[in-house]
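Novice: Take the sequence shown: its position 100, counted from the start at 1, is 100 in the UniProt record's numbering, and no numbers get skipped. In this text, a Cβ means the ideal position worked out from N, Cα and C, and glycines have one as well. Mind looking over this structure? Questions follow.
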Amino acid sequence: MNERKLTRSRGLYFEEFAVGDQVESVGRTITETDVVNFAALSGDWNLIHTDAEYSQGQMFGQRVAHGLLILSVASGLAVRLGFLEETTLAFRSISEWRMQRPVFIGDTIHVRLTVEETKAMPRLGGGLVNFKVEVLNQRDEVCQRGTWEMLVKARPS
Numbered sequence: 001m002n003e004r005k006l007t008r009s010r011g012l013y014f015e016e017f018a019v020g021d022q023v024e025s026v027g028r029t030i031t032e033t034d035v036v037n038f039a040a041l042s043g044d045w046n047l048i049h050t051d052a053e054y055s056q057g058q059m060f061g062q063r064v065a066h067g068l069l070i071l072s073v074a075s076g077l078a079v080r081l082g083f084l085e086e087t088t089l090a091f092r093s094i095s096e097w098r099m100q101r102p103v104f105i106g107d108t109i110h111v112r113l114t115v116e117e118t119k120a121m122p123r124l125g126g127g128l129v130n131f132k133v134e135v136l137n138q139r140d141e142v143c144q145r146g147t148w149e150m151l152v153k154a155r156p157s
């Protein structure tokens, strides 16, 4: 996505997306508080996430942030970009999601979104925008990736 689009104070309409548009978010550091709060919210108290002593003896040698925590943070980082504000009708699907590399407490992640496909859906008041989404760590290594399908409003006539 070009700079002109990203400086708008509102979201983009369906017609403003083009295949190949790309944007990256700011970074966010994953904290121990994030992991504990997510464990409490989700009920996932797996020791690999919550027990430092146990985790030292496991394959990664330290606690790993929940994969779904990272997906949730990625969604929040995407929203902070602003281009979907007030124009998103629905988050339709997540597909081919892969958790390729662990995210540890103290890692800083950011997201890269690239428009892969658009499809007008006039009867739904807009169109589908498929984003290739990559969650990267502070070393620009892809930790998670997949496709998000969003239904976005059409420009008012």
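Counting along the chain, where does the beta strand (DSSP E) carrying residue 181 start and finish?
Specialist: In the structure displayed, the chain extends from 1 to 157; residue 181 sits before or after that span and is not available.
Novice: Taking the continuous alpha helix (DSSP H) assigned at H110, which residues delimit it?
Specialist: In the sequence shown, residue 110 corresponds to position 110, counting from 1. Where H110 is concerned, there is no enclosing alpha helix (DSSP H), although the beta strand (DSSP E) it sits in stretches over 108-121.
Novice: If L113 sits next to L151, beta carbons under 8 angstroms apart, how far is it from one beta carbon to the other, in whole angstroms?
Specialist: The residue you call residue 113 lines up with position 113 of the sequence shown. The residue you call residue 151 lines up with position 151 of the sequence shown. The pair is not a contact, with the Cβ atoms about 16 angstroms apart (cut-off 8 angstroms).
Novice: How should A40 be labelled, buried or exposed, when 16 other C-beta atoms within 10 angstroms of its C-beta is the threshold for buried?
Specialist: Walking along the sequence shown from the start, residue 40 turns up at place 40. It is exposed - the Cβ of A40 has fewer than 16 other Cβ atoms within 10 Å.
Novice: Measure the alpha-carbon distance for G76 versus A120 and round it to whole angstroms.
Specialist: Here residue 76 refers to the residue found at position 76 of the sequence shown. Here residue 120 refers to the residue found at position 120 of the sequence shown. Approximately 25 angstroms, taken between the alpha carbons.
Novice: Using the Cα positions of D21 and Y54, report the straight-line distance between them to the nearest angstrom.
Specialist: Working through the sequence shown from its first residue, we reach residue 21 at position 21. Working through the sequence shown from its first residue, we reach residue 54 at position 54. In a straight line, the C-alpha of D21 is about 43 angstroms away from that of Y54.
Novice: For W148, which of A78, D44, F104, V103 has the nearest alpha-carbon?
Specialist: The sequence position of residue 148 within the sequence shown is 148, counting from 1. Per the Cα distances, A78.
Novice: Can you pull the DSSP bridge partners for F104?
Specialist: By 1-based counting over the sequence shown, the position of residue 104 is 104. Partner(s): V64.
Novice: Look up G82 in the DSSP assignment and give the residues it is bridged to.
Specialist: Position 82 of the sequence shown, counting from 1, holds the residue named residue 82. DSSP output for G82 lists no bridge partner at all.
Novice: Thinking just about the alpha-carbon of each residue, which of P156, V135, V129 is nearest to the one in L84?
Specialist: Working through the sequence shown from its first residue, we reach residue 84 at position 84. That would be V129, whose Cα lies nearest to the Cα of L84.
Novice: I48 to E116, Cα distance in whole Å?
Specialist: Position 48 of the sequence shown holds residue 48. Position 116 of the sequence shown holds residue 116. Their Cα atoms are separated by approximately 35 angstroms.
Novice: State the Cα-Cα distance for the pair L136 and F104, rounded to the nearest angstrom.
Specialist: Here residue 136 refers to the residue found at position 136 when the sequence shown is read from its first residue. Here residue 104 refers to the residue found at position 104 when the sequence shown is read from its first residue. Distance between the alpha carbons of L136 and F104: 12 angstroms.
Novice: For the alpha helix (DSSP H) containing F38, name the first residue and the last one.
Specialist: Along the sequence shown, read from residue 1 onward, the residue named residue 38 stands at position 38. 32-42 is the extent of the alpha helix (DSSP H) around F38.
Novice: For M150, list the residues DSSP reports as bridge partners.
Specialist: Here residue 150 refers to the residue found at position 150 of the sequence shown. Bridge partners of M150: F91, V129.
Novice: Looking at I109 and G27, is the spacing between their C-beta atoms short of 9 angstroms?
Specialist: Start at 1 with the first residue of the sequence shown, and residue 27 comes out as number 27. Start at 1 with the first residue of the sequence shown, and residue 109 comes out as number 109. Contact flag set, yes.
Novice: Tell me, please, which residues DSSP counts as bridged to Q22.
Specialist: Taking the sequence shown and counting its residues from 1, the one referred to as residue 22 is at position 22. Paired residues: T114.
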